[in-house]
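Quick notes on the structure that follows.
Residue numbers (the working numbering): 0 to 374.
So, in structure tokens, the structure goes:
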């Protein structure tokens, strides 16, 4: 029987589990057999609590197996290696039932390639300037690249790309494992086809074949979520590149003219700082120019003066672009507004929604939203 207070463990959510594993990395390296058993048990407990933690459990397996290999090479006792393998094997039977649990909760485990494409990582998106970057203002011909429809993006930035390029200059024992994690999870995040600049090239990627061989990969539902795990490895590699650059700056002579040795490092540091300012300056409200003047149409003020009680429906209905304006306008008219977000809604509820005439009208593709708004 599930404990009623078990959901309090949600602080160890899908995003937190990788950080916990990386934090235990040093303990694993010291050969502590206790943690080799506790970590799989914690993962199993979280998944038992909620199928939403299946992604973190999958990551635990993918990170734990190579760590066992590293530990075995470094001379771990054979008992520790066997205990870790048993722990991983104990987790594997928990993964297939998650698909049935997710389907019962209203999710879908199998999507077509066309359905997955909009929710797959664009190859340029992590490093290309996004819509908030000042580089777009300096170079008007550039356009932002988003990997998801609706403007969502995993953004790392050009300065981070420069730090990644420097990381091989200072290799550490875990560098190969980190690069392997980054490459593998990025390939999974890119989904069924390679996408560059929001254009699907049609070049097949390993996501669909691997998910067919190993169905638990589909518990993330959208490929792009795998990039969260790639970011963990990339962040460490970026830190290695930053440490390499800072070490060279500290070794520079404090006096004298620029030499051939000093000039490249100084130039590289200047480029990094410039890109960093252009990349981050726009995110500070006190420093950026206001692009949006919050004007509220007079109609909403008129509605606010109406004493009658009714709800307001803004068209087009319930999109990421209109919802924020609907809530902003609500501060003036004060009426209830009609929209909602449904996550993992049971299919019985979906059938109920389709029976409501208003929702049927709004979702009918034959209805012109502009004509409906004019009425």
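Every residue, glycine too, gets a C-beta built ideally from N, C-alpha and C.
Treat the numbers as computed from the prediction; the structure is a model and nothing was measured.
Quick check: the stretch 181 to 188 against the stretch 217 to 227, are at least 3 beta-carbon pairs closer than 8 Å? Under the Cβ criterion (8 Å, minimum of three pairs), the stretch 217 to 227 counts as touching the stretch 181 to 188.
Can you tell me whether residue 191 is buried or exposed, with buried defined as 16 or more other CB within 10 angstroms of its CB? Residue 191 is buried by the Cβ-count criterion.
Which class does residue 302 belong to by DSSP, given the choice of helix, strand or coil? Annotated three-state conformation of residue 302 is helix, per DSSP.
So, helix, strand or coil for residue 196, using DSSP? Reduced to three states, the DSSP call for residue 196 is coil.
Secondary structure at residue 212, three-state DSSP: helix, strand or coil? When secondary structure is reduced to three states using DSSP, residue 212 falls in the helix class.
May I ask you to list the residues that DSSP assigns as paired with residue 203? As a beta-bridge residue in DSSP terms, residue 203 pairs with 192.
Can you tell me which residues form a DSSP beta bridge with residue 171? DSSP, once it has assigned bridges, lists no residue as partnering residue 171.
Going by CA-CA distance only, name the one from 198, 174, 334 and 173 that's closest to residue 113. Nearest C-alpha to residue 113: 198.
What is the DSSP secondary structure of residue 311, reduced to helix, strand or coil? DSSP places residue 311 in strand when its eight states are reduced to three.
Give the range of the alpha helix (DSSP H) segment to which residue 164 is assigned. Per DSSP, residue 164 belongs to the alpha helix (DSSP H) from 157 to 165.
Can you give me the start and stop residues for the alpha helix (DSSP H) that residue 115 sits inside? In the DSSP assignment, residue 115 falls within the unbroken alpha helix (DSSP H) covering 112 to 115.
Helix, strand or coil for residue 336 per DSSP? Here residue 336 sits in strand by DSSP.
In or out: residue 216 buried (at least 16 other Cβ within 10 Å) or exposed? A residue is called buried when at least 16 other Cβ atoms come within 10 angstroms of its Cβ; residue 216 meets this threshold and is buried.
If you drop the 5 nearest sequence neighbours on each side, which residues of the same chain put their C-beta closer than 6 Å to that of residue 12? Low confidence applies to residue 12: its pLDDT is 42, below 50, so where it sits in the model is not reliable, and the reading given next is rough at best. Excluding sequence positions up to five before and after residue 12, its CB lies less than 6 Å from no other CB in the same chain.
State buried or exposed for residue 359, treating a residue as buried only when at least 16 other CB atoms are found within 10 Å of its CB. An exposed status is given to residue 359, since fewer than 16 other beta-carbon atoms sit within 10 Å of its beta-carbon.
Just tell me which of 119, 163 and 324 has its CA closest to the CA of residue 196. For residue 196, the nearest C-alpha among the options comes from 119.
Measuring straight from C-alpha to C-alpha, what distance separates residue 201 and residue 336? In this structure, the CA atom of residue 201 is about 42 Å from the CA atom of residue 336.
When the Cα atoms are used, what is the spatial distance from residue 379 to residue 210? No answer is possible for residue 379: it lies beyond the span of the chain, which begins at 0 and ends at 374.
Near residue 331, what residues of its chain come up, given a Cβ to Cβ distance below 7 Å and the 5 sequence neighbours on each side ignored? 295, 299, 300 and 303.
Find out if the Cβ-Cβ distance for the pair residue 233, residue 166 is shorter than 7 Å. In this structure, residue 166 does not lie closer than 7 Å to residue 233 by Cβ.
Please check the pair residue 188 and residue 229, which I expect to be a contact at CB under 8 Å, by giving their CB distance rounded to whole angstroms. That pair is a contact at about 6 Å.
Helix, strand or coil, according to DSSP, for residue 121 in the structure here? If DSSP states are grouped into helix, strand and coil, residue 121 belongs with coil.
What's the C-alpha gap between residue 309 and residue 333? Going by the C-alpha atoms only, they are around 10 Å apart.
Residue 225 in three-state terms, based on DSSP: Residue 225 carries a helical assignment under DSSP once its states are collapsed to helix, strand and coil.
Give the straight-line distance between the Cα atoms of residue 324 and residue 297, rounded to the nearest whole angstrom. Rounded to the nearest angstrom, the two C-alpha atoms are 14 Å apart.
Between the C-alpha atoms of residue 213 and residue 245, what's the straight-line distance to the nearest angstrom? Between residue 213 and residue 245, the alpha-carbon positions lie close to 43 Å from each other.
Here's the rule: buried if 16 or more other CB atoms are within 10 angstroms of the residue's CB, otherwise exposed. What is residue 171? Exposed.
CB contact below 7 Å: residue 170 versus chain C: Of the chains in the structure shown, none is chain C; there is only one protein chain.
Is the separation between the beta-carbon of residue 161 and that of residue 125 shorter than 7 Å? It is not a contact, given that the beta carbons lie outside the stated cut-off.
Buried/exposed call for residue 219, threshold 16 Cβ in 10 Å: When all chains shown are included, residue 219 counts as buried.
By Cβ distance below 6 Å, which residues in the same chain neighbour residue 180 in space, the five residues on each side in sequence not counted? The answer, listed in chain order, is 232.
Expected contact under 8 Å - CB spacing of residue 193 and residue 207 to nearest Å: At roughly 13 Å, the Cβ-Cβ gap does not stay under 8 Å, so residue 193 and residue 207 are not in contact.
DSSP three-state assignment for residue 127, whether helix, strand or coil: In the structure shown, residue 127 sits in coil (DSSP, three-state: anything other than H, G, I, E or B).
Using only CA atoms, which one of 239, 306 and 121 lies nearest to residue 173? Ranked by Cα distance from residue 173, the options 239, 306 and 121 are led by 239.
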